[in-house]
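Mind the numbering: the sequence shown is residues 11 to 573 in my numbering, read in order.
Note that CB positions come from ideal geometry on N, CA and C, so glycine has one too.
Computed from a predicted model, the values in this text were never measured in an experiment.
Taking it in order: structure first as structure tokens, then the write-up.
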Amino acid sequence: MAIQTPHHELEQGDVKLPDTGRPVVRSTKGVISSGHYLTSMAGTRVLLNGGNAFDALVAAGIAAAVVEPIASYSLAAEGVFMLYDSASGDLLSLSGQGTAPGKATAEFYKSQGFDRIPTGPGKDAHLSFTLPGIVDAYISMLKRYGSLPFDQILAPAIEYAEEGIPNYEYMLERLKSASTPIQFDNYPPGGWDVFFDNRQVPEPGSILVQTGLANTLRAMSDAAESLDRIAGLNAARDVFYKGSVAQTIVESSAKVGGILTMEDLANYSSEFGEPVSTTFEEHEILGHDSWTQGPMVQQTLNLLEHFDLKAMGHNSPEYIHTVSQALNLVFGDREAYYADPNYAEVPMDGLLSKEYASERVGLIDPERAFSGQASAGDPWKYSNGVGSVPAGKAMTASGNGITDSSSHEGTTHVSVLDDKGNMVNGTISGGAFAKSVFFPELGCALSTRIEMFNCEEGHPNVVMPGKRPRTTLINYIAKKDGKPVMTIGCPGGDNQAQANVQLILNTMVFGMDPQQAVEAPRFASQNVENSFFPHTYPPGENWTWNPAYRKAPPTLYGPEGTK
Numbered sequence: 011m012a013i014q015t016p017h018h019e020l021e022q023g024d025v026k027l028p029d030t031g032r033p034v035v036r037s038t039k040g041v042i043s044s045g046h047y048l049t050s051m052a053g054t055r056v057l058l059n060g061g062n063a064f065d066a067l068v069a070a071g072i073a074a075a076v077v078e079p080i081a082s083y084s085l086a087a088e089g090v091f092m093l094y095d096s097a098s099g100d101l102l103s104l105s106g107q108g109t110a111p112g113k114a115t116a117e118f119y120k121s122q123g124f125d126r127i128p129t130g131p132g133k134d135a136h137l138s139f140t141l142p143g144i145v146d147a148y149i150s151m152l153k154r155y156g157s158l159p160f161d162q163i164l165a166p167a168i169e170y171a172e173e174g175i176p177n178y179e180y181m182l183e184r185l186k187s188a189s190t191p192i193q194f195d196n197y198p199p200g201g202w203d204v205f206f207d208n209r210q211v212p213e214p215g216s217i218l219v220q221t222g223l224a225n226t227l228r229a230m231s232d233a234a235e236s237l238d239r240i241a242g243l244n245a246a247r248d249v250f251y252k253g254s255v256a257q258t259i260v261e262s263s264a265k266v267g268g269i270l271t272m273e274d275l276a277n278y279s280s281e282f283g284e285p286v287s288t289t290f291e292e293h294e295i296l297g298h299d300s301w302t303q304g305p306m307v308q309q310t311l312n313l314l315e316h317f318d319l320k321a322m323g324h325n326s327p328e329y330i331h332t333v334s335q336a337l338n339l340v341f342g343d344r345e346a347y348y349a350d351p352n353y354a355e356v357p358m359d360g361l362l363s364k365e366y367a368s369e370r371v372g373l374i375d376p377e378r379a380f381s382g383q384a385s386a387g388d389p390w391k392y393s394n395g396v397g398s399v400p401a402g403k404a405m406t407a408s409g410n411g412i413t414d415s416s417s418h419e420g421t422t423h424v425s426v427l428d429d430k431g432n433m434v435n436g437t438i439s440g441g442a443f444a445k446s447v448f449f450p451e452l453g454c455a456l457s458t459r460i461e462m463f464n465c466e467e468g469h470p471n472v473v474m475p476g477k478r479p480r481t482t483l484i485n486y487i488a489k490k491d492g493k494p495v496m497t498i499g500c501p502g503g504d505n506q507a508q509a510n511v512q513l514i515l516n517t518m519v520f521g522m523d524p525q526q527a528v529e530a531p532r533f534a535s536q537n538v539e540n541s542f543f544p545h546t547y548p549p550g551e552n553w554t555w556n557p558a559y560r561k562a563p564p565t566l567y568g569p570e571g572t573k
């Protein structure tokens, strides 16, 4: 006879949870993951109202600009996206990375007394203003793959901005950072009247209303309302890039000495592209081209497939050494070759060739770490292109004992899957309060991403008008047996590629489920010049611990139980 347990004794707490404390979320209708529950709710509302994954991604992404401004993400900033459309079979990269304005040249910055493009904290932040790319990317995605009118997609974000959201602890802790108030005072009035209460940090649960941002969103919504879907999207885009919002952006930039123009904004265009890929553990890993640091992940996996990582043991000393040294090798190539391929010759076929990895893997010494930033290899030998290996760059430690905040303060991430099999994720960022200028009339700060360029003539990543800086923003889609099964992405600046490699290893080598893979402890090497101004090189310096390092990116979907 079977033992029957009385119904009232079977409580949810009786079920043993995994070691993470949180179970995998499963759904048959759609699922969304983001950095804040209100961001996820915005996307979920759109899914429940009949929208698809692309509609939901945009709704969540725009809502995140209201809910997560302290995550260094602004409506006047940038984002990168990987998407799969089940109806057409398209699997594409989408660049919403802003570009350098027309006056941004190496000569210009040198004439101002700079050998690198400056940004905040400080009074030179306006010199790194970058054309906002995120709105055009959202609209391009919706025009090609969306289904709902734009005003419906904007509705949750407008509600959050006009009616307010509860202030939450993480945002308030970031407002306490000295850099944010200092930067608001460097470019008054900054965000004092929006985010503070009489120059005091508000209490958790108090209501944050963002009238300026609501007006910006409302201008686009009003333009789209009553028009058909495509006409509405075009009208909203015109408001942002040619109309009243564009005028506000340009006037705001000009009044603090920035160099953005109406012509710059009108000429901006996001860009769909074919992803680059490699194979690893019976999966194909697809991501962005060299205008991001994205190919680092594929290069690193090509090296690591030469090792029995499972036998080493997860996060064992041998494992950490091997993975970190592989990443260090690839950092050398990133610094030498990665750049916007529309403006530079990049040997991507060579960099991603298995033969190149076989040559380079011998440089990983199991007994010794690289003593400095690794030198670039010669991928041209394995490329159909023609080029030369750049001279090595001597590096001197310059961390001054202080953690570079770019590794943990900024960027957020959204992933969505729907019941049609569509899959899309976005890593969205830019407009950090401490690095940029907050304009109350616009409701947000402008991106400063062109700080990631250099001013070295002849270097692939030298600043040029219309060019994308080699951004740290990345994400991926993994396929198995020809079918997309996973989205991968996270915040973290230079650490993004390192974290994404470990998420892939956690799932594909060690068999973790998505929640376990995300919450497992991670490590990162700092043996590379930081991508963010002032481009510190910290090896040998003392670093301070920050609890934000433990924040796991809630951005990974696994092949089981989600669709």
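Are there 16 or more other CB atoms within 10 angstroms of the CB of residue i, so buried, or fewer, so exposed?
i	result
isoleucine 484	buried
glutamate 213	exposed
glutamine 14	For glutamine 14, the predicted structure reports a pLDDT of 40, less than 50, and the residue's modelled location is therefore unreliable. A value from the coordinates is still provided. With fewer than 16 Cβ atoms within 10 Å of its Cβ, glutamine 14 is classed as exposed.
isoleucine 149	buried
glycine 401	The sequence shown places alanine at residue 401, not glycine. Per the 10 Å Cβ criterion, exposed.
glycine 304	buried
lysine 252	exposed
proline 208	It should be pointed out that residue 208 corresponds to asparagine in this sequence rather than to proline. Exposed, because fewer than 16 other Cβ atoms sit within 10 Å of the Cβ of asparagine 208.
arginine 378	exposed
serine 535	buried
Contact check, residue i vs residue j under 8 angstroms by CB: the rounded distance?
i	j	result
glycine 342	alanine 386	5 angstroms
isoleucine 144	glutamate 88	5 angstroms
serine 82	alanine 75	Not really, about 11 angstroms apart at Cβ, beyond 8 angstroms.
threonine 302	leucine 337	With 8 angstroms as the limit, threonine 302 and leucine 337 do not qualify as a contact, their Cβ atoms being about 16 angstroms apart.
proline 285	serine 103	5 angstroms
alanine 86	valine 473	About 20 angstroms separates the two Cβ atoms, so there is no contact after all.
glycine 53	leucine 67	7 angstroms
tyrosine 347	leucine 362	About 11 angstroms; that fails the 8 angstroms criterion.
methionine 522	isoleucine 487	Wrong, their Cβ atoms sit about 19 angstroms apart, outside the cutoff.
Following the continuous alpha helix (DSSP H) through residue i, name the residue where it begins and the one where it ends.
i	result
glutamate 539	It is not in any alpha helix (DSSP H) - glutamate 539 carries neither H nor E in the DSSP assignment.
leucine 102	Taken as a continuous stretch (DSSP letters only), leucine 102 belongs to no alpha helix (DSSP H), being part of the beta strand (DSSP E) at 101-106.
leucine 185	179-185
proline 494	Here proline 494 belongs to no alpha helix (DSSP H); instead the beta strand (DSSP E) covers 493-499.
isoleucine 149	144-155
glycine 53	47-58
phenylalanine 529	Here residue 529 turns out to be glutamate, not phenylalanine, going by the sequence shown. 524-529 is the extent of the alpha helix (DSSP H) around glutamate 529.
glycine 71	63-77
asparagine 505	505-518
What residue does the beta strand (DSSP E) around residue i start on, and which one ends it?
i	result
isoleucine 438	433-439
leucine 93	88-94
glycine 420	Unbroken run through glycine 420: none, as it is neither H nor E.
tyrosine 486	485-490
leucine 296	293-297
phenylalanine 282	281-283
threonine 289	286-290
isoleucine 42	40-43
Would you report the Cα separation of residue i and residue j, rounded to the nearest angstrom?
i	j	result
asparagine 59	alanine 276	33 angstroms
alanine 147	leucine 339	33 angstroms
glycine 40	serine 425	11 angstroms
glycine 106	serine 157	20 angstroms
isoleucine 269	aspartate 248	21 angstroms
aspartate 375	proline 475	42 angstroms
glycine 395	glutamate 355	8 angstroms
phenylalanine 463	serine 439	17 angstroms
isoleucine 163	aspartate 65	7 angstroms
alanine 114	alanine 455	19 angstroms
serine 381	serine 398	24 angstroms
aspartate 29	glutamine 525	10 angstroms
leucine 185	alanine 321	45 angstroms
threonine 109	alanine 233	25 angstroms
histidine 316	serine 279	41 angstroms
serine 50	tyrosine 392	44 angstroms
aspartate 131	aspartate 195	Note on identity: in this sequence residue 131 is proline, with aspartate being the wrong assignment. Answer to the nearest angstrom: the Cα atoms are 11 angstroms apart.
methionine 230	phenylalanine 290	43 angstroms
glutamate 529	glycine 502	15 angstroms
serine 446	histidine 136	7 angstroms
glycine 436	aspartate 318	32 angstroms
threonine 332	glycine 323	12 angstroms
Are any of the Cβ atoms in chain B nearer than 8 angstroms to that of residue i?
i	result
glycine 360	The displayed structure is made up of one protein chain only, and chain B is not part of it.
**Report entry** Those runs of the alpha helix (DSSP H) which lie wholly inside the region 302-381 and span at least 4 residues
**Finding:** 305-314, 319-322, 327-347, 358-361 and 364-370
Requested in this report: Starting from the N-terminal side, write out each stretch of the alpha helix (DSSP H) that is 4 residues or longer and does not extend beyond the region 198-258.
Outcome: 202-205, 221-234 and 239-251
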